[in-house]
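Trainee: Just so you know, numbering that gives the first Met the number 0 puts 182 at position 183 of the sequence shown, and the rest follows in order with no gaps.
Note that CB positions come from ideal geometry on N, CA and C, so glycine has one too.
Below you will find the structure I want to go over with you.
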Amino acid sequence: MWDWNYTLDILPGLVKALWVTVIVTCCGFAAACLGGLLLALASASRMKLLSILAKWLVAFVRNTPLLVQVFFLYYTLPKIMNISLSAFTVGIIGLGLHYSTYLSEVYRSGIEAVPKGQREAAVALNFPKVQTWITIILPQAIPPIIPIMGNYLLVMFKETPVLSAITLVELLLTAKNTVSESYRVFEPYTIVGLMFLVISYPASLAFAKLEKRLNLQAGASYKDSSPTSGSGTTVSKSMAASKKEVGA
């Protein structure tokens, strides 16, 4: 039977653990976004060694369990490198590394969706390579993949209980400790499940709505674009904007 007094007693500790879980998720996702972009660029690099290493890392990480990777980072790596890493730091690194390999494929699909004519026009206009990526390719590649990245953020959030294996005091481990002290399992685990649901479900609806909006915007911009305007149009606009910034 549900005990409301007991629920009110354990709720502050669970809320604090939820905050830790959210912070680890957000930091890990930020690391995954940056790492995924770097891996995507490295995989597409003309430097064969760099491309091979990036593809090998992606394949290795994606084909090994997250729990094994976290154990390696927490127990083995510090002994090899003679360093000390907290469970919180390892949690961020582990989630960031693991999901960066998945996001790299998402980035790759977004980059490949950008018409090749954009790059060819940029080369024809002597547009610097770095500026081509920053002002032309990435601004077109990233918006369509935001909903997919959001889905990975939700998956990462729901994967955080894995970090309880390295004693990170996140939501699930806090619930386990509470159960071991009181021998009541109904309230702690029910509250944990509800907390995950309350955050994940509205977020999933928001990302679905965002995806529909982006699809509508993409369709509208496709209709507005004239058949005679080639790939050089976007590049020319970016070039003009860049020149204005330099002039300013």
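Among residues of its own chain, excluding the 5 on either side of G109, which ones have a beta-carbon nearer than 7 Å to its beta-carbon?
Mentor: A140, I141, P143, I144
Trainee: Run through DSSP, which three-state label would I92 get?
Mentor: The answer is helix: DSSP assigns I92 an H, G or I state.
Trainee: Out of W18, L40, W3, which one is the CA nearest neighbour of I133?
Mentor: It is L40 whose Cα lies nearest to the Cα of I133.
Trainee: Decide if the region 66-84 is in contact with the region 43-58; the criterion is three or more beta carbon pairs, one per stretch, under 8 Å apart.
Mentor: Judged by Cβ distances under 8 Å, the region 66-84 makes no contact with the region 43-58, as fewer than three pairs qualify.
Trainee: Among the residues of its own chain, which have a CB less than 7 Å from the CB of V168, if the five just before and after it don't count?
Mentor: Contacts found: A16, V19.
Trainee: Measure the alpha-carbon distance for L102 versus A29 and round it to whole angstroms.
Mentor: 11 Å
Trainee: Could you tell me if P187 is buried or exposed, where buried requires 16 or more neighbouring beta carbons within 10 angstroms of its beta carbon?
Mentor: By the neighbour-count rule (16 or more Cβ atoms within 10 Å), P187 is buried.
Trainee: Less than 9 Å separating the beta-carbons of V89 and L72?
Mentor: yes
Trainee: Suppose the cutoff is 8 Å on Cβ atoms and the five residues either side in sequence are ignored; what does the same chain contact list for T6 look like?
Mentor: E186, I190
Trainee: What does a CB cutoff of less than 6 Å around M194 pick up in its chain, not counting 5 residues either side in sequence?
Mentor: L17
Trainee: Can you tell me which of the three DSSP states L76 falls into?
Mentor: It is helical.
Trainee: Can you tell me whether DSSP reads F195 as helix, strand or coil?
Mentor: F195: helix per DSSP, three-state reduction.
Trainee: May I have a chain-ordered list of the alpha helix (DSSP H) segments no shorter than 4 residues that lie completely inside the region 38-74?
Mentor: Counting whole runs of 4 or more residues, the region 38-74 contains the alpha helix (DSSP H) stretches 47-61, 65-70.
Trainee: Can you check whether the CB of V57 is closer than 9 Å to the CB of S44?
Mentor: no
Trainee: Is the distance from the Cβ of T177 to the Cβ of I9 below 9 Å?
Mentor: yes
Trainee: Along the chain, where does the alpha helix (DSSP H) containing M0 start, and where does it finish?
Mentor: Neither: M0 is in no alpha helix (DSSP H) and is coded neither H nor E.
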